[in-house]
Every structure is written in C-alpha cells, then in structure tokens.
Amino acid sequence: MILGVPKETWPGERRVALVPDAVRDLVGDPVQLAVERGAGLAAGFADADYEKAGARIEADPRALLAGADVVLKVQPPRAREDGSDEVDDLGQGHLLICFLRPLDMPGLAARLAARGITAFSMELMPRITRAQSMDALSSMSTLSGYRAVLLAAVALPKIFPMMITAAGTLAPARVLVIGAGVAGLQAIATARRLGAVVEAYDTRPAVKEQVQSLGARFVELALETGDAEDAEGYARAQSEAFYRRQRELLGRRLAASDVVVSTALVPGERAPLLIDEDAVRGMRPGSVIVDLAAESGGNCALSEPDREVRAHGVTILGPTNLPSDVPANASQMYSKNVTAFLGHLMSGGRIELDLEDEITRAALLTHQGQIANERVRALAAPAARAT
Numbered sequence: 011m012i013l014g015v016p017k018e019t020w021p022g023e024r025r026v027a028l029v030p031d032a033v034r035d036l037v038g039d040p041v042q043l044a045v046e047r048g049a050g051l052a053a054g055f056a057d058a059d060y061e062k063a064g065a066r067i068e069a070d071p072r073a074l075l076a077g078a079d080v081v082l083k084v085q086p087p088r089a090r091e092d093g094s095d096e097v098d099d100l101g102q103g104h105l106l107i108c109f110l111r112p113l114d115m116p117g118l119a120a121r122l123a124a125r126g127i128t129a130f131s132m133e134l135m136p137r138i139t140r141a142q143s144m145d146a147l148s149s150m151s152t153l154s155g156y157r158a159v160l161l162a163a164v165a166l167p168k169i170f171p172m173m174i175t176a177a178g179t180l181a182p183a184r185v186l187v188i189g190a191g192v193a194g195l196q197a198i199a200t201a202r203r204l205g206a207v208v209e210a211y212d213t214r215p216a217v218k219e220q221v222q223s224l225g226a227r228f229v230e231l232a233l234e235t236g237d238a239e240d241a242e243g244y245a246r247a248q249s250e251a252f253y254r255r256q257r258e259l260l261g262r263r264l265a266a267s268d269v270v271v272s273t274a275l276v277p278g279e280r281a282p283l284l285i286d287e288d289a290v291r292g293m294r295p296g297s298v299i300v301d302l303a304a305e306s307g308g309n310c311a312l313s314e315p316d317r318e319v320r321a322h323g324v325t326i327l328g329p330t331n332l333p334s335d336v337p338a339n340a341s342q343m344y345s346k347n348v349t350a351f352l353g354h355l356m357s358g359g360r361i362e363l364d365l366e367d368e369i370t371r372a373a374l375l376t377h378q379g380q381i382a383n384e385r386v387r388a389l390a391a392p393a394a395r396a397t
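As numbered in the working numbering, residues 11 to 397 make up the sequence shown, in order.
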C-alpha cells in the first residue's frame, strides 16, 4: 500500500499533511510512502528529512497522486496553476483523507463521488472520546485562538499587561472573547498569559466553568439560551430576534474593550452577526477586532476575509487560515491526527473499512460512487440539478 503526500496547492497554505516523524512510524512492509518534492519546506521539513524517515521523494505531483493508494492532504484538492486539477488525478480505488469543507463545498463531494473516490473529511470527525486524537478541527482551532490574540497584540496601540514604571502605572488591556469553543478558550488563555484583563461570552452556559478556570470573567446576558448547544457540543443557530437582542447587550461590553476576538460559528451556516456597525462606532479609537468567522460571513458586519479594515478608528482583522502562520506546529498536530485516524482504519498494514464503526461512518464523505453523508448529499443535490 502506497501513501502519497502532495505539496499543498491552496494559496498561502504552508502546512503539510505528514511530518517526517510520522513517516518513520508509518513506513514498513507493506506500507510505502511517497512525498512530493518540497511538500514540507514551508513548514520547515526538508526533503532529506523525509528520505531519512523512509519516504520516497516524487518530483511529479500528478504521478504521485495517480500512483498512491491513499492520499493525505491538508486542504481540499483543487485546480493547479497549470490548469490541471488534483481531482482529475484521482479515481476509482483511491482513498483521500483531508479537510474537504463538505458543508461549504458540496459540489466537490459530488465530483469525488462521481470519480469513485473514497473520501474522508477531517471536519466530520465525531466529538467522542475515542476520536479525540483524530480531531483535527480542535487542533487547528487551538492554534487559531493563539494566533488571533498575537495579531491583536501587534495591532493594538497599547501593551497587554499592567506595568508599574517610573513614568507611572500602565493599565492592562481589556479583552473580550466571543465564543468559548476551542479557539475561544485558547484565545482566553493566551490573552491572560500576556497580562490582559479578560472576559468571555458564549450562548452555552455550560462553558462558564471552563472560562473561569482560565482566569477570565464569564459574561452573562439576559437572554434565553436553553437550546444553544447541539448534541456534539457545537453552538446552534438562533433566531434573528435573538441575535438582534444579543447585539444590543454585547454593544455595552464592546465599548469597554480594547480587543475583541470573535469565534462564533455554526457548522454549515453563515456565521451569526454579533457586532454591527453601530457597535464598532461605539468602541474606543485604537481598539482591535479579530474576526475568526470572517470566511463564513463574519461575526462583525465590517470584517472582510484576509483583509485589514479600518473603520471608526477601529482595526478589524479577518484572518482565514491562522494555523498556516505557524506551519511547523500546525503540521505536527495535524500529522498526529491523520496518523491516529489511519491507525484506526488500518489492519495488518492495509485499509479495512468497518462502516459499522461510529468514527469511520461519521468521517466518511464519499464511497462507492455515492455521497455517504446525508446532510452533504442534500446540499449537493440542488447544485447537481442546476448543472
């Protein structure tokens, strides 16, 4: 069985699906591993490191994909600059494991199914104890929360910690984190380490204890949030009336904050609008908003994906791929997740799909010419009819 690791083709992507240490653990009869030339360079891993670990370096990306039984990537397959398409280099019998954005790109799932590719989407990994080591979304969200605070610290025209100096005492920055999921909790922890006074808001009362355990104050708003969390622990979408009232109440906290890190997402839906232009206008000049939901429409009305926006004296950042800013550690973490998932799928050095297993069944996106995930199948149907 040949595992193939191509170089990522998405603009700005610096991660690699497997690091040399993982290659060393995987290679051995009957498993071989091929890595595209330069695949790990942007993350700090040289071709020589992969060769020492037992991998073969392949110069031709198309030959690598065509010759692999299992393809391991970070980002979804896409068209290359030369006009060729990674999907076209895969076909019947290939197994693909990567982030596939199934709820945002159902058309890709339809293409993979049509080509007979068995594809596993890392976003669909179930949130159960057995799958924790395979949860790449949580791994990458951890890094996003960390980097978001560092971006804010650089953009803010004041320091984060309190300082007592000969020139007087400098007050600490005040940070508000909206959304206390994995990214939000890491943002809280990072801001606290930098010395800021931190408070956090989430529609899910269950996260209050986690917020407080990190030394932050939990903000409670006069809102009914009984159904704010789904069975897997993700936030549920709420009514527009709920969000309107939420914006009104949050505006008071925003006005008192130097930095706002917003992380509120609802899988497969537009991110909830939590910060309108009036709220931005009410913030102090020099304040910073880092909107981690910018790619999904944004928690802030003024945020733009991968752009720095200045409005009403406030700097609004909308980064969409912060893990790629720390590609060495991001690749190490993602590699661990993928390797754990491979170990789950493999038996005796070969892939054995047990579709009765909860993890395998949940992460499976396409198989035997069909879209296996019911929700994605429903999303893909209108696009297919239009085509």
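Cβ coordinates follow ideal geometry from the N, Cα and C atoms, glycine included.
Contacting residues, own chain, Cβ-Cβ under 6 angstroms from residue i (five flanking each side not counted)
{"i": "Arg-72", "result": "Asp-99"}
{"i": "Ala-63", "result": "Pro-30, Val-33 and Arg-34"}
{"i": "Ser-313", "result": "Asp-301, Ala-304, Ile-326 and Gly-328"}
{"i": "Leu-231", "result": "Leu-259"}
{"i": "Thr-128", "result": "Leu-105 and His-377"}
{"i": "Met-144", "result": "Met-135, Asn-347, Ala-350 and Phe-351"}
{"i": "Tyr-156", "result": "Gln-196 and Thr-200"}
{"i": "Phe-170", "result": "Ala-163, Ala-183, Leu-204, Gly-205 and Ala-206"}
Residue i burial status per 10 Å Cβ neighbour count (16 or more: buried)
{"i": "Arg-227", "result": "exposed"}
{"i": "Gln-342", "result": "buried"}
{"i": "Glu-219", "result": "exposed"}
{"i": "Val-164", "result": "exposed"}
{"i": "Ser-151", "result": "buried"}
{"i": "Lys-17", "result": "buried"}
{"i": "Pro-215", "result": "exposed"}
{"i": "Gly-50", "result": "buried"}
{"i": "Asp-39", "result": "exposed"}
{"i": "Asp-364", "result": "exposed"}
{"i": "Ser-249", "result": "exposed"}
{"i": "Ile-138", "result": "exposed"}
Same chain only: Cβ atoms within 8 angstroms of residue i, ignoring 5 sequence neighbours per side
{"i": "Leu-36", "result": "Leu-13, Leu-28, Leu-43, Thr-349 and Leu-352"}
{"i": "Arg-263", "result": "Leu-186, Glu-209, Tyr-211 and Val-229"}
{"i": "Gly-379", "result": "Ala-123, Ala-124 and Gly-126"}
Anticipated Cβ contact below 8 angstroms, residue i with residue j, distance rounded
{"i": "Leu-355", "j": "Ala-158", "result": "Wrong, their Cβ atoms sit about 33 angstroms apart, outside the cutoff."}
{"i": "Phe-109", "j": "Leu-374", "result": "Wrong, their Cβ atoms sit about 15 angstroms apart, outside the cutoff."}
{"i": "Ala-181", "j": "Leu-166", "result": "Not confirmed; about 13 angstroms, so no contact."}
{"i": "Leu-224", "j": "Ala-199", "result": "5 angstroms"}
{"i": "Gly-117", "j": "Ala-390", "result": "7 angstroms"}
{"i": "Val-80", "j": "Ile-381", "result": "At roughly 20 angstroms, the Cβ-Cβ gap does not stay under 8 angstroms, so Val-80 and Ile-381 are not in contact."}
Beta-carbon proximity check, residue i vs residue j, cutoff 7 angstroms
{"i": "Leu-153", "j": "Val-324", "result": "no"}
{"i": "Ala-146", "j": "Thr-376", "result": "no"}
{"i": "Val-271", "j": "Ala-197", "result": "yes"}
{"i": "Val-97", "j": "Pro-87", "result": "yes"}
{"i": "Asp-57", "j": "Arg-47", "result": "yes"}
{"i": "Ala-76", "j": "Val-45", "result": "no"}
{"i": "Leu-284", "j": "Ile-188", "result": "yes"}
{"i": "Ala-176", "j": "Val-217", "result": "no"}
{"i": "Ala-265", "j": "Gly-296", "result": "no"}
Proximity test, residue i beta-carbon vs the ligand ADP heavy atom, cut-off 6 angstroms
{"i": "Gly-308", "result": "The ligand ADP is not among the ligands present in this structure, which contains no ligands whatsoever."}
Cutoff 7 angstroms; reference residue i; Cβ partners in own chain excluding five residues on either side
{"i": "Ser-306", "result": "Leu-275, Arg-280 and Ala-281"}
{"i": "Ala-141", "result": "Met-135 and Ile-369"}
{"i": "Asp-286", "result": "Arg-257 and Ala-311"}
{"i": "Ala-52", "result": "Arg-24 and Pro-337"}
{"i": "Ala-321", "result": "Val-290 and Leu-312"}
{"i": "Gly-308", "result": "Ala-281, Asp-301 and Gly-328"}
| task | List in chain order: all unbroken beta strand (DSSP E) runs of 3+ residues lying wholly within the region 242-298. | result | Listed in chain order, the complete beta strand (DSSP E) runs (minimum 3 residues) inside the region 242-298 are 269-272.
| task | Taking only runs that begin and end inside the region 73-125, name each unbroken beta strand (DSSP E) of 3 or more residues, in chain order. | result | Listed in chain order, the beta strand (DSSP E) elements of length 3 or more contained wholly in the region 73-125 are 80-82 and 105-108.
| query | Whole beta strand (DSSP E) runs in the region 167-192 with 3 or more residues, listed along the chain? | reply | Taking only runs of at least 3 residues, the beta strand (DSSP E) segments lying wholly in the region 167-192 are 173-175, 178-180 and 184-188.
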